[in-house]
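Working notes, beginning with the structure itself.
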Amino acid sequence: MEQWLVFWKNVSFVDVIEFLGTFAFAVSGIRLASAKKLDWFGAFVVGFVTATGGGTLRDLLLGVVPFWMISSVYVWCTIISMVFVIIFRKKLVHLNGPFLWFDSIGLGLFVVVGVEKALTLDYAIWVVVLMGTITGIVGGMIRDILINEIPAIFTQEFYAVACILGSLLYCSFDYMGVSAPVTQVSTAIFVFVIRLAATRYSWKLPVLKGEL
Amino acid sequence: MEQWLVFWKNVSFVDVIEFLGTFAFAVSGIRLASAKKLDWFGAFVVGFVTATGGGTLRDLLLGVVPFWMISSVYVWCTIISMVFVIIFRKKLVHLNGPFLWFDSIGLGLFVVVGVEKALTLDYAIWVVVLMGTITGIVGGMIRDILINEIPAIFTQEFYAVACILGSLLYCSFDYMGVSAPVTQVSTAIFVFVIRLAATRYSWKLPVLKGEL
Amino acid sequence: MEQWLVFWKNVSFVDVIEFLGTFAFAVSGIRLASAKKLDWFGAFVVGFVTATGGGTLRDLLLGVVPFWMISSVYVWCTIISMVFVIIFRKKLVHLNGPFLWFDSIGLGLFVVVGVEKALTLDYAIWVVVLMGTITGIVGGMIRDILINEIPAIFTQEFYAVACILGSLLYCSFDYMGVSAPVTQVSTAIFVFVIRLAATRYSWKLPVLKGEL
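Residue numbers (the numbering used here), protein chains in the order written: chain P, 1 to 212; chain C, 213 to 424; chain X, 425 to 636.
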């Protein structure tokens with residue numbers, strides 16, 4: 001009983017949000033995997049890579065231990081996502097709204113975590129922005145490569161711009177001496193809003209026309 | 213003459229098995245490359261990546277020097293595999309049986325090496341199991357991405373389950389204090405048997421059905 | 425004014441060449457991206473990865489900080505490449521000749537940089553040759569994977585052989601005690617000439633025929 005209290009005392013609000021974000025990213029990977037007729041193991045791998053791929057590349061580039069090797073919560077979260085998709089697959093079609101929310105919340109938090117890690121290691125601002133963006137987008141890119149598609153982020157969404165702008169906002173607030181919690185919450189909300197607005201109003205980047 | 217004796221004295225049984233496993237993995241990559249009309253260089257790259265990709269990702273994640281940068285045996289083994297495929301390509305079709313054996317022996321050994329490395333670095337058991345599995349399967353996944361296919365392991369085989377179960381067996385034996393040689397040989401044989409049995413009896417994981 | 429003088433004094437001939445090489449590699453990525461109807465962000469990512477992917481994998485394998493995280497010149501160079509392609513896209517078709525030259529100069533320099541880095545870290549000669557080759561070719565490989573094609577280098581070009589031969593030449597000169605500048609310039613010119621000659625005379629490696 002007391003152990004549970006200690007456990008819950010150590011679970012912060014950010015942990016809860018991060019769990020939801022990981023869950024949403026994993027579910028997005030698992031659903032695409034199921035559309036390609038992958039088996040359970042394949043779906044698990046695609047889900048796990050979608051949720052952790054961006055942070056893993058960031059940590060390898062920064063030369064630190066990949067975050068998911070320190071706590072088992074990301075593996076468990078992916079397993080729970082699998083079970084969830086298996087049980088509720090017929091109903092998930094109607095849940096696209098909530099999932100877009102989860103996914104956007106997760107994106108905001110992933111950007112915050114990525115920017116924070118790079119700032120702590122004293123990298124230049126443009127490296128910090130790249131790390132925030134990599135944390136947000138690379139998982140989905142590897143997901144699409146694994147299922148043999150061109151990354152959706154290259155053609156369909158305003159996703160990456162939300163990550164870049166959010167990272168810049170974080171750096172500006174940090175530079176201006178705004179406290180860490182305010183900076184983090186503002187950035188996460190900002191990314192979340194941009195992402196939702198981009199989806200609702202179909203904001204898109206121009207296509208690069210070219211002739212070979 | 214004496215130098216050769218010293219050389220052979222330093223070649224252990226595990227080295228021989230590892231060479232055969234690397235050879236079988238490289239040949240599998242080179243044969244798929246030839247089916248896609250790649251040139252010699254492309255075939256070499258695909259063969260080398262099939263044989264070393266899993267261990268390389270493992271070593272990058274663990275933060276140690278990639279194993280194939282320490283001894284040139286893996287490069288030589290891939291070159292020998294190339295020559296072998298070029299000379300015997302018409303006869304290889306009839307050698308699928310022996311190759312399945314090599315491949316399964318190699319898989320068992322790759323899992324043992326991956327688990328051992330992670331255990332030595334004092335990681336938690338679930339990290340150890342992931343490292344054993346990554347060592348066994350990621351080479352084939354990168355192979356399939358390079359030749360522009362969805363990884364075969366996501367749809368066709370019981371391969372990954374053999375790696376996971378073998379890694380768990382290793383950890384259990386290690387926990388119970390079984391000596392290293394016994395643990396390693398048992399694990400390798402176990403993975404080998406599961407893999408062969410899965411192929412013979414067409415064991416498969418269920419497909420994840422989903423609706424987008 | 426004085427600052428500019430200091431800036432230019434610190435820009436070496438190699439820096440200029442490296443900038444041109446990065447530019448040519450980025451443009452090649454961005455042009456392929458535009459043929460696949462990617463948006464601006466997608467084109468930027470493909471261009472950046474084409475220019476920096478090989479060096480990044482090399483640095484991760486060698487365990488050093490990826491080169492593009494130390495100076496922002498590679499990000500700027502990719503942005504300039506984007507602007508260049510957007511403005512001149514109708515005229516680029518007629519510039520294939522100059523671009524082949526840039527690309528070949530860049531290739532020569534990338535090989536030199538890769539070999540030098542691995543030599544400085546005291547790796548065995550075959551690791552050094554692999555690092556020079558990886559630096560030259562992996563960016564283009566990742567580019568092709570991102571746009572969902574089999575890497576062109578596996579089927580179409582003598583590209584990789586130029587990298588391997590150039591790396592071997594560098595190591596031989598280094599072994600014979602030739603001074604660094606002479607070794608570097610000779611290697612870069614050698615790779616450049618082999619690459620141009622291979623394109624002009626359609627040198628190709630044999631295709632690996634196989635039966636599955």
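The C-beta atom is built at its ideal place from N, Cα and C for all residues, glycine as well.
None of the values given here were measured: they were computed from a predicted structure.
Apart from the five residues on each side of it in sequence, which residues of its chain come closer than 6 Å, Cβ to Cβ, to C/Phe402? Numbered from its first residue, the second sequence carries residue 402 of chain C at position 190. The residues are Gly378, Leu381.
Alpha carbon to alpha carbon, what distance is there between P/Val127 and X/Met493? Stepping through the third sequence from its first residue, residue 493 of chain X is reached at position 69. Stepping through the first sequence from its first residue, residue 127 of chain P is reached at position 127. Their Cα atoms are separated by approximately 6 Å.
Taking C-alpha atoms, which residue in P/Leu107, P/Gly108, P/Met141, P/Cys163 lies nearest to P/Thr133? Residue numbering aside, residue 133 of chain P sits at position 133 when the first sequence is read from its first letter. The option with the nearest alpha carbon to P/Thr133 is P/Cys163.
DSSP-derived helix/strand/coil call for P/Val115: Taking the first sequence and counting its residues from 1, the one referred to as residue 115 of chain P is at position 115. P/Val115 falls in the helix class under three-state DSSP.
Which residues of chain C have a Cβ atom closer than 8 Å to the Cβ of X/Leu485, listed in chain order? Position 61 of the third sequence, counted from the first residue, corresponds to residue 485 of chain X. Those are Thr268, Leu272, Pro278, Met281, listed as they occur along chain C.
Who are the near neighbours of P/Asp174 in its chain, counting only those whose CB is closer than 7 Å to its CB and skipping five residues on each side? Within the first sequence, residue 174 of chain P is the residue found at index 174, counting from 1. These residues qualify, in order along the chain: Leu119, Thr183.
Could you spell out the range, first to last residue, of the alpha helix (DSSP H) harbouring X/Ser603? To locate residue 603 of chain X, count along the third sequence from 1; it is residue 179. Note, X/Ser603: premise wrong, no alpha helix (DSSP H); not H, not E.
Whole alpha helix (DSSP H) elements within the stretch 516-585 of chain X, 4-residue minimum: Qualifying alpha helix (DSSP H) stretches, in chain order: 520-544, 549-570.
Residue range of the alpha helix (DSSP H) that C/Arg270 falls in? Taking the first residue of the second sequence as 1, we reach residue 270 of chain C at position 58. First-last of the alpha helix (DSSP H) with C/Arg270: 252-274.
Pop quiz: C/Val323 and C/Gly348 are said to be a contact at Cβ under 8 Å. What is the actual Cβ separation, rounded to whole angstroms? For the purposes of this step, residue 323 of chain C is taken as residue 111 along the second sequence, with counting starting at 1. For the purposes of this step, residue 348 of chain C is taken as residue 136 along the second sequence, with counting starting at 1. Confirmed, Cβ separation roughly 5 Å.
Residue range of the unbroken alpha helix (DSSP H) whose run includes X/Phe508: Here residue 508 of chain X corresponds to residue number 84 of the third sequence, with the count starting at 1. X/Phe508 -> alpha helix (DSSP H) spans 497-512.
For X/Ser528 and X/Arg619, I'd like the C-alpha separation in whole angstroms. Within the third sequence, the letter at position 104 stands for residue 528 of chain X. Within the third sequence, the letter at position 195 stands for residue 619 of chain X. Approximately 6 Å between the Cα atoms of the pair.
Taking X/Pro630 as the reference, give the member of X/Ser596, X/Ala612, X/Gln580 with the closest Cα. Counting from one through the third sequence, the residue named residue 630 of chain X turns up at place 206. The shortest C-alpha separation from X/Pro630 is found at X/Gln580.
Short Cβ contact (7 Å threshold) for P/Ile30 with P/Val85: The residue you call residue 30 of chain P lines up with position 30 of the first sequence. The residue you call residue 85 of chain P lines up with position 85 of the first sequence. Yes.
Residues near C/Ser388 by beta carbon distance below 7 Å, same chain, minus five either side: The residue labelled residue 388 of chain C in the question sits at position 176 within the second sequence. The sequence shown places Met at residue 388 of chain C, not Ser. The answer is none, since no qualifying residue turns up.
If you drop the 5 nearest sequence neighbours on each side, which residues of the same chain put their C-beta closer than 8 Å to that of X/Val470? As a first step, residue 470 of chain X is located in the third sequence; it is residue number 46 there, counting from the start. Hits under 8 Å: Gly453, Ile454, Leu456, Ala457, Leu462, Arg567, Leu570, Ile571.
In the DSSP assignment, what are the bridge partners of C/Val419? As a working note, residue 419 of chain C is residue 207 in the second sequence. Answer is P/Asp39, bridged to C/Val419.
With 16 other CB atoms within 10 Å as the buried threshold, where does C/Ala392 fall? Within the second sequence, residue 392 of chain C is the residue found at index 180, counting from 1. Flag for C/Ala392 reads exposed.
Would you tell me roughly how many angstroms separate the C-alpha atoms of C/Ser398 and C/Arg270, rounded to the nearest one? Taking the second sequence and counting its residues from 1, the one referred to as residue 398 of chain C is at position 186. Taking the second sequence and counting its residues from 1, the one referred to as residue 270 of chain C is at position 58. Just so you know, the alpha carbons of C/Ser398 and C/Arg270 end up roughly 22 Å apart.
Counting contacts by CB-CB distance shorter than 7 Å, is C/Trp198 in contact with chain X? As shown, chain C starts at 213 and ends at 424. That puts residue 198 of chain C outside it, with no answer to give.
Going along chain P, which residues have a C-beta under 9 Å from C/Tyr335? Residue mapping note: residue 335 of chain C aligns to position 123 of the second sequence, counting from 1. Residues of chain P passing the Cβ test: Met69.
Please classify X/Val507 as buried or exposed, where buried requires at least 16 other C-beta atoms within 10 Å of its C-beta. Numbered from 1 along the third sequence, position 83 holds the residue referred to as residue 507 of chain X. Exposed, because fewer than 16 other Cβ atoms sit within 10 Å of the Cβ of X/Val507.
Using the C-alpha atoms, what's the distance from X/Val602 back to P/Ile150? Residue mapping note: residue 150 of chain P aligns to position 150 of the first sequence, counting from 1. Residue mapping note: residue 602 of chain X aligns to position 178 of the third sequence, counting from 1. Cα to Cα, P/Ile150 sits roughly 47 Å from X/Val602.
Kindly give me the distance between the Cβ atoms of P/Phe99 and P/Ala24, rounded to whole angstroms, as I take these residues to be in contact under 8 Å. Here residue 99 of chain P corresponds to residue number 99 of the first sequence, with the count starting at 1. Here residue 24 of chain P corresponds to residue number 24 of the first sequence, with the count starting at 1. About 6 Å; that satisfies the 8 Å criterion.
Can you round the beta-carbon distance between P/Thr22 and P/Ala51 to whole angstroms, since I take them to be within the 8 Å contact cut? Numbered from its first residue, the first sequence carries residue 22 of chain P at position 22. Numbered from its first residue, the first sequence carries residue 51 of chain P at position 51. Confirmed, about 5 Å.
Does the beta-carbon distance from P/Trp101 to P/Phe158 come in below 7 Å? In the first sequence, the residue the question calls residue 101 of chain P occupies position 101. In the first sequence, the residue the question calls residue 158 of chain P occupies position 158. Annotated as distal: P/Trp101 and P/Phe158, with beta-carbon spacing of 7 Å or more.
Inspect the beta-carbon positions of P/Leu109 and P/Ala188 and report whether they are closer than 7 Å. Indexing the first sequence from 1 puts residue 109 of chain P at position 109. Indexing the first sequence from 1 puts residue 188 of chain P at position 188. Contact flag set, yes.
When the cut-off is 7 Å and only beta carbons count, does P/Leu38 lie next to chain X? The sequence position of residue 38 of chain P within the first sequence is 38, counting from 1. Interface criterion not met: the Cβ of P/Leu38 is under 7 Å from no Cβ in chain X.
Roughly how many angstroms lie between the CA atoms of C/Val287 and P/Gly54, to the nearest whole one? Working through the second sequence from its first residue, we reach residue 287 of chain C at position 75. Working through the first sequence from its first residue, we reach residue 54 of chain P at position 54. For C/Val287 and P/Gly54, the distance between alpha carbons rounds to 31 Å.
Taking C-beta to C-beta, are C/Pro176 and X/Leu486 nearer than 7 Å? This structure leaves residue 176 of chain C out entirely; chain C is present only between 213 and 424.
Does the CB of C/Val419 have a neighbour CB from chain P at under 7 Å? Looking up residue 419 of chain C in the second sequence gives position 207. Interface residue, yes.
Cβ separation of X/Thr502 and X/Phe472, assumed to be a contact under 8 Å, to the nearest whole Å: Start at 1 with the first residue of the third sequence, and residue 502 of chain X comes out as number 78. Start at 1 with the first residue of the third sequence, and residue 472 of chain X comes out as number 48. Contact flag correct, Cβ pair sits at about 5 Å.
Compare the Cα-Cα distances from P/Cys171 to each of P/Phe154, P/Ala198, P/Ile125 and report the closest residue. Sequence index remark: in the first sequence, residue 171 of chain P carries index 171 (1-based). Out of P/Phe154, P/Ala198, P/Ile125, P/Ile125 has the C-alpha closest to the C-alpha of P/Cys171.
Kindly indicate if chain P contains any beta-carbon less than 7 Å away from that of X/Phe402. Chain X is shown only over 425 to 636; residue 402 of chain X falls outside these bounds and no answer can be derived.
Cutoff 8 Å; reference C/Leu319; Cβ partners in own chain excluding five residues on either side: Against the second sequence, residue 319 of chain C aligns to sequence position 107. Within the same chain, C/Leu319 has close Cβ partners Gly233, Gly348, Tyr371, Ala374, Cys375, Val403, Phe404, Arg407.
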